[in-house]
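Encoded as structure tokens, the structure appears first; notes follow it.
2 protein chains.
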Amino acid sequence: MGIQVTVDLVIFSVQESALKVWLVKRDNRPFKGHLAIPERVINKNESLDQAALRELKEETRARQVYLEQLYSFGDRKRDPRGRVVTVAYYALLPGDQAKRVSPNGSGAAWRSVDALPPLVFDQKRIVNYAVERLRTKLEYTTAGFQLLPRKFTLSELQAVYETILGKKLDKRNFRKKMDLLGVLKPLREWRRTGRKPARLYMFKGKKFERLKDKGILFPF
Amino acid sequence: MGIQVTVDLVIFSVQESALKVWLVKRDNRPFKGHLAIPERVINKNESLDQAALRELKEETRARQVYLEQLYSFGDRKRDPRGRVVTVAYYALLPGDQAKRVSPNGSGAAWRSVDALPPLVFDQKRIVNYAVERLRTKLEYTTAGFQLLPRKFTLSELQAVYETILGKKLDKRNFRKKMDLLGVLKPLREWRRTGRKPARLYMFKGKKFERLKDKGILFPF
Numbered sequence: 039m040g041i042q043v044t045v046d047l048v049i050f051s052v053q054e055s056a057l058k059v060w061l062v063k064r065d066n067r068p069f070k071g072h073l074a075i076p077e078r079v080i081n082k083n084e085s086l087d088q089a090a091l092r093e094l095k096e097e098t099r100a101r102q103v104y105l106e107q108l109y110s111f112g113d114r115k116r117d118p119r120g121r122v123v124t125v126a127y128y129a130l131l132p133g134d135q136a137k138r139v140s141p142n143g144s145g146a147a148w149r150s151v152d153a154l155p156p157l158v159f160d161q162k163r164i165v166n167y168a169v170e171r172l173r174t175k176l177e178y179t180t181a182g183f184q185l186l187p188r189k190f191t192l193s194e195l196q197a198v199y200e201t202i203l204g205k206k207l208d209k210r211n212f213r214k215k216m217d218l219l220g221v222l223k224p225l226r227e228w229r230r231t232g233r234k235p236a237r238l239y240m241f242k243g244k245k246f247e248r249l250k251d252k253g254i255l256f257p258f
Numbered sequence: 039m040g041i042q043v044t045v046d047l048v049i050f051s052v053q054e055s056a057l058k059v060w061l062v063k064r065d066n067r068p069f070k071g072h073l074a075i076p077e078r079v080i081n082k083n084e085s086l087d088q089a090a091l092r093e094l095k096e097e098t099r100a101r102q103v104y105l106e107q108l109y110s111f112g113d114r115k116r117d118p119r120g121r122v123v124t125v126a127y128y129a130l131l132p133g134d135q136a137k138r139v140s141p142n143g144s145g146a147a148w149r150s151v152d153a154l155p156p157l158v159f160d161q162k163r164i165v166n167y168a169v170e171r172l173r174t175k176l177e178y179t180t181a182g183f184q185l186l187p188r189k190f191t192l193s194e195l196q197a198v199y200e201t202i203l204g205k206k207l208d209k210r211n212f213r214k215k216m217d218l219l220g221v222l223k224p225l226r227e228w229r230r231t232g233r234k235p236a237r238l239y240m241f242k243g244k245k246f247e248r249l250k251d252k253g254i255l256f257p258f
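Following this line, the structure appears as structure tokens:
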């Protein structure tokens with residue numbers, strides 16, 4: 039048999055102050071019943087992107103999810119089935135959509151990247167690679183925003199950044215940077231959370247894209 | 039037949055103030071005799087990285103070349119032979135080494151990315167993607183340095199940046215930024231080029247790596 043090509047999918051979300059990954063229980067050999075990130079053998083009639091999108095849709099039923107090709111893994115002995123090259127993708131699912139992705143009794147679940155169970159093949163390496171990419175991307179792209187619902191408070195925004203970077207950020211400093219970038223659109227809506235209502239914001243996508251093109255960094 | 043996996047290689051160098059790519063004349067079908075970037079069908083006993091390295095070595099015989107996986111391309115109809123997924127890599131070859139890579143009468147040549155001939159398959163897209171990646175990388179990595187010989191003048195350094203970015207940079211500004219980063223090690227050697235001898239520099243690799251980890255951007 040020749041070389042098989044698969045697509046592996048690292049689906050991220052931020053929930054309860056943790057960066058989480060969607061794991062499923064494998065229903066095929068090898069490692070049937072073990073936890074894994076979703077995987078799919080691509081068929082001859084779909085492109086890599088199409089295969090990743092279909093897998094993502096099957097798992098999440100979500101619309102408008104950020105999806106990006108991550109890296110291809112092709113070590114000789116990564117898969118006991120034979121020679122399998124996998125093209126890994128990662129997706130960012132806003133927290134409110136992620137809550138609706140339910141295990142359906144299949145044993146699938148959101149698991150924190152800080153406490154991952156053993157995964158099959160070289161999938162731990164793939165997930166780690168995706169976490170690394172996400173952290174880097176946070177500094178010069180809109181990646182952080184993709185994990186938020188459409189409307190969010192500044193505290194929620196900061197919490198997403200803190201969760202992914204794994205460290206506390208100074209609140210005043212964080213807000214000053216966001217102000218400087220001018221990517222947030224304040225709404226005439228407030229949400230009652232703690233003692234006082236918090237203003238809701240939306241994100242000016244085009245403005246951020248323009249900033250990005252100019253090579254502005256976003257370091258925390 | 040199933041899906042085939044190939045490795046495509048975009049080999050860059052900067053020569054005569056132009057960003058160049060190494061093109062070969064295909065000696066196999068399809069498109070025999072046409073210009074193409076080097077391509078190799080991976081065999082079952084080599085990893086993706088090994089396949090890319092072997093192809094690179096065959097083409098350049100160079101040691102110590104920067105090599106990085108770029109992206110995987112797998113549209114359904116990209117290759118008339120059938121379903122072929124290619125994992126593209128790009129390599130950066132210092133100018134002095136590039137001059138030694140000779141066509142050997144095979145029709146291979148360094149061609150400027152600004153004046154590429156038609157390429158086979160979707161290779162034009164692959165080359166464009168690599169140029170884009172290289173430009174972006176210039177801003178936050180040591181990519182630019184990989185195209186220089188071990189010892190270089192500040193003018194040569196600036197010329198590499200200008201060539202890849204496709205625009206003139208202010209000399210004083212450029213040198214100030216390099217000073218600020220502190221990644222250059224001045225040598226007690228000079229090279230006679232124009233009217234007066236120009237000092238030679240080497241590059242402090244570790245220092246730059248540390249800076250990079252802190253998320254320092256390098257925008258021009």
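Sequence order for the protein chains is A and B.
Position in the first sequence (first residue = 1) + 38 = the working numbering.
Position in the second sequence (first residue = 1) + 38 = the working numbering.
C-beta: ideal position from N, C-alpha, C; glycine also.
Within 10 Å of its beta-carbon, does A:ALA126 have 16 or more other beta-carbons around it, so buried, or fewer, so exposed? Burial is judged here by how many other beta carbons sit within 10 angstroms of a residue's own beta carbon; A:ALA126 has at least 16 and is buried.
If we require 3 or more residues per run, which beta strand (DSSP E) segments fall completely within the segment 44-115 of chain B? Secondary structure remark: continuous beta strand (DSSP E) runs of at least 3 residues inside the segment 44-115 of chain B, in chain order: 56-63, 77-79 and 104-111.
Among A:LEU94, A:ARG233 and A:PRO118, which one has its Cα closest to the Cα of A:PRO68? With respect to the C-alpha of A:PRO68, the residue from A:LEU94, A:ARG233 and A:PRO118 having the closest C-alpha is A:PRO118.
On the CB-based measure, 16 or more other CB atoms within 10 Å of its CB, does B:GLY182 come out buried or exposed? It is buried - the Cβ of B:GLY182 has at least 16 other Cβ atoms within 10 Å.
Around the Cβ of A:ASP65, are there at least 16 other Cβ atoms within 10 angstroms (buried) or fewer (exposed)? So A:ASP65 ends up on the exposed side.
Please decide whether B:ARG92 counts as near chain A, where near means a Cβ-Cβ distance under 9 Å. The C-beta of B:ARG92 comes no closer than 9 Å to any C-beta of chain A.
According to DSSP, is B:GLU227 helix, strand or coil? Of the three classes helix, strand and coil, the one that applies to B:GLU227 here is strand, per DSSP.
Helix, strand or coil at A:ARG173 [DSSP, three-state]: DSSP, reduced to helix, strand and coil, places A:ARG173 within a helical segment of the structure shown.
Relative to the alpha-carbon of A:ASN83, which residue among B:VAL123, B:GLY145 and B:ASN166 has its alpha-carbon at the smallest distance? The candidate whose alpha carbon is nearest that of A:ASN83 is B:VAL123.
Whose CA, out of A:LEU172, A:GLU170, A:LEU222 and A:ARG171, lies closest to the CA of A:LEU195? Measuring from the Cα of A:LEU195, the nearest candidate turns out to be A:LEU222.
Tell me, please, whether the CB atom of A:PHE212 is closer than 9 Å to any CB atom in chain B? Chain B contact via Cβ: absent.
Chain A partners of B:ILE41, CB-CB under 8 Å? What B:ILE41 touches in chain A: GLY40, ILE41, GLN42, VAL43, ILE80 and LYS82.
Note the first and the last residue of the continuous beta strand (DSSP E) segment covering B:SER193. From DSSP, B:SER193 is part of no beta strand (DSSP E) but of the alpha helix (DSSP H) over 192-203.
Output needed in chain order: residues of the segment 100-134 of chain B with a Cβ under 7 Å from some Cβ in chain A. Cβ contacts with chain A: GLN107, TYR109, SER110, GLY112, ASP113, ARG114, ARG121, VAL123 and VAL125.
I want to verify the contact list: residues of chain B whose CB lies under 7 Å from the CB of A:LEU203, in sequence order. Per Cβ cutoff of 7 Å: no residues; A:LEU203 is ~10 Å from chain B at best.
Assigned exposure category for B:LEU73 - 16 Cβ within 10 Å defines buried: So B:LEU73 counts as buried.
Inspect the beta-carbon positions of B:VAL52 and B:ILE75 and report whether they are closer than 9 Å. It is not a contact, given that the beta carbons lie outside the stated cut-off.
Of all the options B:LYS214, B:GLU54 and B:TYR109, which has the alpha carbon lying nearest to the alpha carbon of B:GLN161? Out of B:LYS214, B:GLU54 and B:TYR109, B:TYR109 has the C-alpha closest to the C-alpha of B:GLN161.
Span of the alpha helix (DSSP H) holding A:ARG213? Element bounds for A:ARG213: 209-219.
Less than 6 Å between C-beta atoms, sequence neighbours within five positions excluded: which residues of the same chain meet that for B:PHE212? Cβ neighbours of B:PHE212 beyond the five flanking positions: GLN196.
Only counting the same chain, and skipping five residues up and downstream in sequence, which positions put a Cβ closer than 6 Å to that of A:GLU97? Closer than 6 Å at Cβ, skipping near neighbours: PRO76.
Have a look at B:PRO132 and A:GLU170 and give me their C-alpha separation to the nearest angstrom. Taking the straight line from one Cα to the other gives about 29 Å.
Can you tell which of B:ILE80, B:ASP46, B:ALA100 and B:SER85 has the C-alpha that lies nearest to the C-alpha of B:ARG138? Cα-wise, what sits closest to B:ARG138 is B:ALA100.
How far does the beta strand (DSSP E) with A:ARG149 in it extend, from its first residue to its last? In this chain, the beta strand (DSSP E) harbouring A:ARG149 covers 147-150.
Return the first residue and the last residue of the alpha helix (DSSP H) that B:ALA136 is part of. Unbroken alpha helix (DSSP H) run through B:ALA136: 133-137.
Can you tell which of A:GLY40, A:VAL59 and A:VAL43 has its C-alpha closest to the C-alpha of A:ASP152? Minimum Cα distance to A:ASP152 is reached at A:VAL59.
Let me confirm a value: B:LEU61 is counted as buried when at least 16 other C-beta atoms fall within 10 Å, else exposed. Which label applies? With 16 or more other Cβ atoms from the protein chains shown falling within 10 Å of its own Cβ, B:LEU61 counts as buried.
For A:LEU185, which option in A:LEU238, A:ASP134 and A:LYS234 has the closest C-alpha, if you only look at C-alpha atoms? Among A:LEU238, A:ASP134 and A:LYS234, the Cα nearest to that of A:LEU185 is on A:ASP134.
Does the Cβ of A:ARG121 have 16 or more other Cβ atoms within 10 Å, making it buried, or fewer, making it exposed? The C-beta of A:ARG121 has 16 or more other C-beta atoms within 10 Å across all chains shown, which makes the residue buried.
Please say whether A:LEU57 and A:ILE202 have beta carbons closer to each other than 9 Å? Their beta carbons are under 9 Å apart, which means A:ILE202 touches A:LEU57 by this criterion.
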